[in-house]
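A.B. asks: Got a structure for you, questions after.
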Amino acid sequence: MNRISAAYIHIPFCVRKCPYCDFVSSDHDFGLIRPYVTSLIREIEITADRVPGGPLTTIYIGGGTPSLLAPESVDLIMNTLRTSFAVDETAEITLEVNPGTVSLASLSGYRKAGINRISIGVQSFSNDILRNLGRIHTAEDALRSVDTCFEAGFRNVSCDLMLGVPGQTRSDAERSVLLLTEKRVPHISCYSLGLEEGTPYHARYMNNPELLPSEDEERKMYHSLRSILIGEGYIHYEISNYSLPGFLSRHNTVYWKALPYYGFGCGAHSYTNGMRSGNTVSIRRYVDLLSSESPDLNLLTDECILIDREEAMKEFMLLGFRLLDGVSGREFSDRFGADMALVFKLQLDDLSRRGLIEKTPDRICLSEPGLDYANEVFRSFV
């Protein structure tokens, strides 16, 4: 297993939870923010002793809404990571923010704390669509947040957009992406809406799909935005992600390459020593367990799965096919000491026959038609 050089930090607090979101988050436990940060620091310190790693080359602070934290709290977290693991001087360090929750002062404070990449949850520049999504910000807030990030000195800024949401048309989606390309935002993610079980959106739309754009219309949106972005000089490097040269997400690439990473915080997942584990999803339980005199991190874990060699090989393929470069036979051989083409001969022959993948001497990737049937490719390795 490679040395662990990536860390995810989860901040589970939101001003208001969005009706489509199934991430671990709360919009009513604000009194726990300070003790939560204290608990987070304890988890990082204890983990560093139990599972040493680093230096960290990528850190991602996600949520929830991490921009609800004061810059001083982010600075405290960053200093703990530096003393516990060491942070490479060239590390990519991302903080997620929501429009309307940041100012020039707070962004400048985050930058001083060591944050060098901002990810903004824009979702759309249509106020009607933002209302449908239950977002607390307006299109004007989103545009202002992008400008303020640049004003605060951030060069590496990413914006999320959503496709296939209620009331959305292709022209809505195109207008949103064009506003970002005009500002030369260096990284843009275009995610399709998922109806996640247990969310209000699932209850509202699962049995009423006619209220959403059709699958055919959603794919037309996807390809239209893809065409615009490639035409504007963006590299389509992952199914849902585009970047200007030099700005791809190094942190998410750790996931797509099935490499190990730390996960800290309530509901955070880790992949260390061949184990995938997830922390408790209860904020209060997380704080209580780490506030005890001698915290037992085993009690934090809600789930723990051993990833054996066979499962690890499948994950390498399933996750790697999300990248437009696909999977490398050499990397597979280096990691597993096996021939990828032989191990997965049946699956690869079938996918090739159906025209869903393309082969080069070392790599196998999704074909152009395969982009629209990626889930079928993934299912071949489950």
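Residue numbering for the sequence shown follows the numbering used here, starting at 41 and increasing by one per position. Beta carbons are placed, not taken as given, at the ideal position from N, Cα and C, and that holds for glycine.
1) Taking three-plus beta-carbon pairs below 8 Å as touching, is the segment 254-273 in contact with the segment 298-311?
2) Does Asn292 pass the burial test, meaning 16 or more other C-beta atoms within 10 Å, or should it be called exposed?
3) Excluding sequence positions up to five away, which residues of its chain have a Cβ less than 7 Å from the Cβ of Tyr413?
4) Have a look at Glu236 and Phe418 and give me their C-alpha separation to the nearest angstrom.
5) Could you tell me which uninterrupted beta strand (DSSP E) segments, each at least 3 residues in length, are contained entirely in the segment 54-114, listed from first to last along the chain?
6) Starting from Phe304, follow the beta strand (DSSP E) in both directions and report where the run begins and ends.
7) Give me the Cα-Cα distance between Ala131 and Leu251, rounded to the nearest whole angstrom.
8) According to DSSP, simplified to helix, strand and coil, what is Asn32?
9) Given a cut-off of 8 Å on the beta-carbon distance, is the pair Arg426 and Asp402 in contact?
10) Does the beta-carbon distance from Gly93 to Arg151 come in below 8 Å?
11) Among Thr98, Arg171, Glu416, whose alpha-carbon lies nearest the alpha-carbon of Leu358?
12) Is the distance from the Cβ of Ile160 to the Cβ of Gly103 below 8 Å?
13) Flag this pair as yes or no: are the beta carbons of Ile84 and Thr120 separated by less than 8 Å?
14) In the DSSP output, what is Glu278 paired with across the bridge?
15) Could you tell me if Phe372 is buried or exposed, where buried requires 16 or more neighbouring beta carbons within 10 angstroms of its beta carbon?
16) Under a three-way DSSP split, which group does Gly369 fall into?
17) Starting from Gln387, trace the alpha helix (DSSP H) both ways and give me its first and last residue.
18) Pick helix, strand or coil for Thr178, following the three-state DSSP scheme.
19) Can you tell me which of the three DSSP states Ile155 falls into?
C.D. replies: With the given structure in hand:
1) The segment 254-273, when compared against the segment 298-311, does not touch it at the 8 Å Cβ threshold.
2) When all chains shown are included, Asn292 counts as buried.
3) Hits under 7 Å: Leu396.
4) Their backbone Cα atoms lie some 19 Å apart in a straight line.
5) 96-103, all fully within the segment 54-114.
6) Start and end: 302-304.
7) It is roughly 43 Å from the alpha-carbon of Ala131 to the alpha-carbon of Leu251.
8) In the structure as shown, the chain starts at 41 and stops at 422, and residue 32 therefore has no counterpart that could be examined.
9) As shown, the chain starts at 41 and ends at 422. That puts residue 426 outside it, with no answer to give.
10) No, the pair does not count as a contact, with Cβ atoms beyond the cut-off.
11) Considering only alpha carbons, the answer is Glu416.
12) With contacts defined as CB atoms closer than 8 Å, Ile160 and Gly103 fail to qualify as a contacting pair.
13) For Ile84 and Thr120, yes; Cβs fall inside 8 Å.
14) Listed as beta-bridge partners of Glu278 by DSSP are Asn281, Leu363.
15) Counting Cβ neighbours within 10 Å, Phe372 comes out buried, since at least 16 surround it.
16) DSSP places Gly369 in helix when its eight states are reduced to three.
17) Residue range 385-393 is occupied by the alpha helix (DSSP H) that includes Gln387.
18) Assigned with DSSP and collapsed to three states, Thr178 falls in coil, not helix or strand.
19) Three-state result, Ile155: coil.
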